[in-house]
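Novice:
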Amino acid sequence: MSKVFLLFFTISTILLFTNCHEKKTEFSGNPLFEEPLTADPAVLVYKDTLYLFTGSDEVPVGEDGFVMKKWYVFSTADMVNWTNHGVKLSVEDFDWASKNAFAGHCVENHGKFWWYVPMVVKDTTTILHEGFGIGVAVADHPLGPYKDASGQPIICDTTANSIVLNIDPAVYVDDDGQVYMYWGSWNAARYVKLKDNMIETDGPVETVKATNFFEAPWIHKKDDTYYLSYAAHYPSTTEYSTSKSITGPWEYQGVINDTIPNSPTNHQAIVTFKGQDYIFYHNADTPTGGPFRRSVCVDKLEYDENGKIVKLVRTKTGVPAIE
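Numbering follows the working numbering, in which position 146 of the sequence shown is assigned residue number 170; successive positions increment by one, without gaps.
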């Protein structure tokens with residue numbers, strides 16, 4: 025009996041020691057940050073680090089309307105521990121702009137980082153509709169410092185075949201090096217080729233036909249398929265279409281993310297980081313959150329065996345840490 029007891033005691037001790045020293049899985053939590061308020065995520069991966077670019081909601085509690093003057097950059101190496109690098113770009117950095125730092129997108133090309141952002145222009149002679157222009161700032165590193173790359177918007181109301189609300193740029197460098205910029209709102213989407221200098225259009229603005237499109241386009245590629253995701257309807261879901269070409273035609277596939285409580289806007293960014301696919305979006309789940317006081321979240325993105333995106337089940341836990 026003593027040997028049996030000793031064996032039982034030994035096994036129990038080993039199990040207890042193992043359990044006590046198991047590393048507990050950490051999760052990011054959603055939203056990622058309570059302060060500052062963040063919205064309209066864009067992401068890129070550079071040297072084993074994921075960089076998150078966001079807008080910032082500044083409207084006081086109890087008031088309505090978008091008050092957005094600046095953009096932040098955050099970074100992580102493990103999806104759980106985030107560094108807030110602070111404000112890296114603002115309306116004041118563009119002499120041609122007056123207000124409304126809406127959703128932007130940063131992309132790497134030619135060893136530099138190009139941050140495309142929409143704002144209302146100062147030159148009233150070019151305002152035919154809502155007055156937004158899309159400009160670009162450039163830096164040698166994702167964290168900047170950034171400076172206006174062209175001194176003027178690339179797209180504005182007077183651009184041929186532009187739209188009423190020229191916002192939400194999404195830029196993609198294709199496999200052959202050709203650069204495309206998509207943008208759109210108010211149920212209208214456009215794309216244009218960019219020249220190699222990243223600051224000028226190369227050819228005409230083309231109309232995009234995508235089922236249920238409202239705003240917030242995002243392009244990513246998996247295997248040989250291009251995915252165009254976007255906010256659909258208003259209040260918005262996130263939906264998507266696919267194509268074998270970055271210029272379409274686009275075949276509708278379905279809903280990725282349902283409408284968000286207390287936030288009629290829905291703005292996604294999709295990325296692969298260290299072998300895992302992620303979708304970033306925003307909600308209004310901080311204690312003082314609301315339609316104009318939003319916060320960025322992240323969850324895993326899954327595909328089925330046919331390459332179709334599995335509809336997102338939003339979580340409060342977020343995503344686990346990775347190495």
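For every residue, glycine included, the Cβ atom is placed at its ideal position computed from N, Cα and C.
Values in this document were obtained by computation on a predicted structure and should not be read as measured data.
Could you tell me if G86 is buried or exposed, where buried requires 16 or more neighbouring beta carbons within 10 angstroms of its beta carbon?
Specialist: It counts as exposed.
Novice: Report buried or exposed for H45, applying the criterion of at least 16 other Cβ atoms within 10 angstroms of its Cβ.
Specialist: With a pLDDT of only 49 at H45, under 50, the local geometry of the prediction cannot be trusted, and no value is derived from it.
Novice: Using a threshold of 7 Å, state whether the C-beta atoms of G128 and W95 are closer than that.
Specialist: Contact flag set, yes.
Novice: Quick one: using the 10 Å Cβ neighbour count with 16 as the cut-off for buried, is H134 buried or exposed?
Specialist: It counts as exposed.
Novice: Taking its Cβ as the centre, do 16 or more other Cβ atoms sit within 10 Å of H165, making it buried, or is it exposed?
Specialist: Exposed, by the Cβ-count rule.
Novice: By alpha-carbon positions, which one of V115, D119, D172, E132 ends up nearest to L125?
Specialist: Residue identity differs from the one stated: residue 125 is Ala in this sequence, not Leu. It is V115 whose Cα lies nearest to the Cα of A125.
Novice: For A212, which beta-bridge partners are listed by DSSP?
Specialist: Note: A212 sits in a beta bridge opposite S209.
Novice: Please give me, in chain order, every unbroken run of the beta strand (DSSP E) with length at least 3 that falls completely inside the region 243 to 325.
Specialist: The region 243 to 325 contains these whole beta strand (DSSP E) runs: 249 to 256, 261 to 267, 275 to 281, 293 to 297, 300 to 307, 319 to 324.
Novice: For T231, which three-state DSSP category applies?
Specialist: Note: T231 maps to strand in three-state DSSP.
Novice: Are the CB atoms of P228 and W207 within a distance shorter than 7 Å?
Specialist: Contact: no.
Novice: If K136 and V162 are in contact, beta carbons under 8 Å, what's the gap, nearest whole angstrom?
Specialist: Rounded, the Cβ-Cβ distance is 5 Å, consistent with contact.
Novice: Using DSSP with H/G/I as helix, E/B as strand and the rest coil, what is V115?
Specialist: Helix at V115.
Novice: Take T249 and list the residues in its own chain whose beta-carbon comes closer than 7 Å to its own, dropping the five residues that flank it on each side.
Specialist: The residues are T266, K268, G331.
Novice: What is the DSSP secondary structure of T183, counted as helix, strand or coil?
Specialist: The answer is coil: DSSP assigns T183 none of H, G, I, E or B.
Novice: Taking the straight line between their C-alpha atoms, what separation do you get for D181 and E329?
Specialist: In a straight line, the C-alpha of D181 is about 43 Å away from that of E329.
Novice: Using three-state DSSP, classify T149 as helix, strand or coil.
Specialist: Helix.
Novice: Could you check if N290 is buried or exposed, using at least 16 other CB atoms within 10 Å of its CB as the buried criterion?
Specialist: So N290 ends up on the buried side.
Novice: Can you tell me whether DSSP reads T225 as helix, strand or coil?
Specialist: Looking at T225 - three-state DSSP - the assignment turns out to be strand.
Novice: For the beta strand (DSSP E) containing S80, list its first residue and its last residue.
Specialist: Note, S80: premise wrong, no beta strand (DSSP E); not H, not E.
Novice: At the level of alpha carbons, what is the spacing between M143 and D247?
Specialist: One C-alpha to the other measures close to 34 Å.
Novice: Taking DSSP as the reference, what is the three-state secondary structure of T73?
Specialist: In the structure shown, T73 sits in a strand (DSSP, three-state: E or B).
Novice: In angstroms with no decimal places, state the Cα-to-Cα distance between I294 and H153.
Specialist: I294 and H153: Cα-Cα distance of roughly 31 Å.
Novice: Taking DSSP as the reference, what is the three-state secondary structure of H129?
Specialist: Strand, per DSSP.
Novice: Our contact map puts V304 next to L113 with C-beta atoms below 8 Å; I'd like the distance itself, whole angstroms only.
Specialist: The sequence as given places Phe at residue 304; Val does not occur at that position. Going by Cβ atoms, the distance from F304 to L113 rounds to 18 Å, so no, they are not a contact pair.
Novice: Return the bridge partner residues of M143 from the DSSP annotation.
Specialist: Bridge partners of M143: G157.
Novice: Between which residues of its own chain and P315 is the CB-CB distance below 8 Å, once the five residues before and five after are set aside?
Specialist: D88, N286, S287, P288, T289, A308, listed in sequence order.
Novice: Applying the criterion that 16 or more other CB atoms from any shown protein chain within 10 Å of the CB defines a buried residue, is G79 buried or exposed?
Specialist: Label assigned to G79: buried.
Novice: Leaving out five residues on either side along the sequence, give the residues of the same chain with a beta carbon under 8 Å from the beta carbon of E224.
Specialist: Around E224: S174, I178, L218.
Novice: In or out: P169 buried (at least 16 other Cβ within 10 Å) or exposed?
Specialist: Exposed, because fewer than 16 other Cβ atoms sit within 10 Å of the Cβ of P169.
Novice: How would you label K27, buried or exposed, when you count the other beta carbons within 10 angstroms and need 16 or more for buried?
Specialist: Only weak support exists for where K27 lies, its pLDDT of 48 falling under 50; the coordinates are left without a value.
Novice: In the DSSP assignment, find the beta strand (DSSP E) that holds I195 and state where it starts and stops.
Specialist: Rather than Ile, the amino acid found at residue 195 in this sequence is Val. That run of the beta strand (DSSP E) goes 194 to 197.
Novice: Grab the span of the beta strand (DSSP E) containing Y96 for me, first residue to last.
Specialist: That run of the beta strand (DSSP E) goes 94 to 100.
Novice: Per DSSP, which residues does W106 bridge with? Please list them.
Specialist: For W106, which the question treats as bridged, DSSP gives the partners T100.
Novice: Would you kindly work out how many angstroms separate the C-alpha atoms of I333 and T148, rounded to a whole number?
Specialist: Each residue's alpha carbon lies about 43 Å from the other.
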